[in-house]
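Working notes, structure below.
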DNA sequence: GCTTGACCCTGGAGTGACTACAGGGTGTTA
DNA sequence: TAACACCCTGTAGTCACTCCAGGGTCAAGC
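Residue numbers (this note's numbering), protein chains in the order written: chain A, 15 to 176; chain B, 15 to 176.
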């Protein structure tokens with residue numbers, strides 16, 4: 015099948031397919047007389063494998079390693095476990111920071127209800143206050159990293175009126 | 015203060031500071047006779063503002079917009095709300111997919127306990143099965159996107175023994 | 001005066017995983 | 001013959017940095 019058909023069958027953009035080939039994840043397919051790439055079932059499968067791994071957010075470098083395990087099933091699989099464990103640890107760490115982020119943004123969002131000028135906007139106030147190292151709604155409880163005192167146009171920005 | 019001092023004070027890498035300047039987020043500072051950048055309190059504050067926004071995962075483009083609100087407090091703040099709302103929506107969507115990802119990886123991880131050859135590895139089996147469109151532990155319940163049947167070396171990879 | 005070492009400068013390249021585009025060729029249908 | 005969908009290669013752009021080469025500046029110590 016042609017590249018467009020492979021893309022259709024797998025839901026993968028043809029640019030991405032060519033990218034995988036260049037990156038060494040998909041083997042170079044045979045070519046037709048007109049130079050078009052000619053894919054077979056094995057390409058389709060391999061591409062599906064890659065996409066499934068990517069859906070699990072596994073990096074292309076790690077997908078490459080997994081493909082080597084597929085090609086060499088006699089190898090000890092301890093490294094596969096490590097790879098998945100590391101991936102799981104990464105995902106869990108990111109999950110934690112995303113949760114914190116969600117809390118912070120929610121808190122920030124609650125600072126501003128009705129429409130008014132930016133000078134009176136609680137969100138902007140909070141962000142500017144955070145720049146001063148003051149406790150902000152979004153990072154409340156988290157010790158501020160800054161301890162500087164400074165006066166500038168930003169310090170008064172939130173106070174000026176239109 | 016010099017760039018190194020500003021970096022120290024804010025915990026920001028000096029390369030990143032120069033990057034922000036080139037990207038138009040930090041105004042170009044004055045220069046000493048020797049060409050060194052000379053920063054003041056306003057720069058420190060602005061940099062802290064940027065970093066706080068980045069900690070909330072707000073893109074540099076959006077930080078730029080927020081900085082314009084800081085400079086023009088007379089403007090209606092509706093756009094700030096939209097910006098934060100959009101950010102919150104992005105974060106929540108990502109959070110959801112991260113949660114699903116965590117579940118999927120956990121399920122996948124539980125497929126392989128003791129050490130053995132890759133050919134017997136449940137993780138690899140699952141990943142290959144997923145490439146065939148079979149229901150996999152990681153995406154169980156989720157209808158498979160692929161419906162192709164294919165035979166290749168990948169199909170038998172998980173079955174061969176060392 | 002000389003060396004050492006910390007600090008600063010610019011400009012450019014690299015990261016990951018694509019995505020977009022320019023400028024061309026091929027194949028089918030009307 | 002033209003229109004149009006599809007394919008090719010090669011290059012550049014995205015985001016937010018990060019790293020590096022190759023140089024200049026400055027204070028302290030010998």
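Virtual Cβ for every residue (Gly too), placed ideally from N, Cα, C.
Residue(s) in a DSSP beta bridge with residue 90 of chain B
A:131
Outcome for residue 43 of chain A when other beta-carbon atoms lying within 10 angstroms are tallied against a minimum of 16:
buried
What residues of chain B sit near residue 118 of chain A, judged by a beta carbon separation below 7 angstroms?
70
For chain A, is any of its Cβ atoms less than 7 angstroms away from the one on residue 77 of chain B?
no
For the stretch 78-104 of chain B, which residues have a beta carbon sitting closer than 8 angstroms to at least one beta carbon of chain A?
80, 83, 84, 85, 86, 87, 88, 89, 90, 91, 92, 94, 95, 98, 99, 101 and 102
Residue 144 of chain A by DSSP, collapsed to three states: which one?
helix
Are the C-beta of residue 123 of chain B and some C-beta of chain A separated by less than 7 angstroms?
yes
Neighbourhood of residue 21 of chain A by C-beta distance below 7 angstroms, restricted to the same chain and skipping five residues each side
27, 28 and 31
Output needed for residue 17 of chain B: all residues of its chain with C-beta closer than 8 angstroms, excluding positions within five of it in sequence on either side, in chain order.
28, 31, 32, 50, 51 and 53
Outcome for residue 140 of chain B when other beta-carbon atoms lying within 10 angstroms are tallied against a minimum of 16
buried
Can you tell me whether DSSP reads residue 114 of chain B as helix, strand or coil?
helix
Comparing the C-beta of residue 139 of chain B with each C-beta of chain A, is any distance below 7 angstroms?
no
Taking 7 angstroms as the cut-off, decide whether the C-beta atoms of residue 63 of chain B and residue 145 of chain A are in contact.
yes
On the DSSP letters alone, give me the boundaries of the alpha helix (DSSP H) that residue 34 of chain A sits inside.
28-36
Leaving out five residues on either side along the sequence, give the residues of the same chain with a beta carbon under 7 angstroms from the beta carbon of residue 82 of chain B.
none
Beta-bridge pairing of residue 178 of chain A - partner residues as DSSP gives them:
Within the shown structure, residues of chain A are numbered from 15 to 176, placing residue 178 of chain A beyond reach of any answer.
Measuring alpha carbon to alpha carbon, tell me which of A:48, A:25 and A:65 ends up nearest residue 40 of chain A.
A:65
Roughly how far, in whole angstroms, is the beta-carbon of residue 152 of chain A from the beta-carbon of residue 91 of chain B, given that I think they are within contact range, below 8 angstroms?
No, residue 152 of chain A and residue 91 of chain B are not in contact; Cβ-Cβ is about 17 angstroms, not under 8 angstroms.
For the stretch 52-68 of chain B, enumerate the residues whose C-beta is nearer than 9 angstroms to any C-beta of chain A, in chain order.
54, 55, 56, 57, 58, 59, 60, 61, 62, 63, 64, 65, 66 and 67
Mapping DSSP to helix, strand and coil, what is residue 79 of chain A?
helix
Quick one: which chain B residues come within Cβ less than 7 angstroms of residue 112 of chain A?
105, 108, 109 and 112
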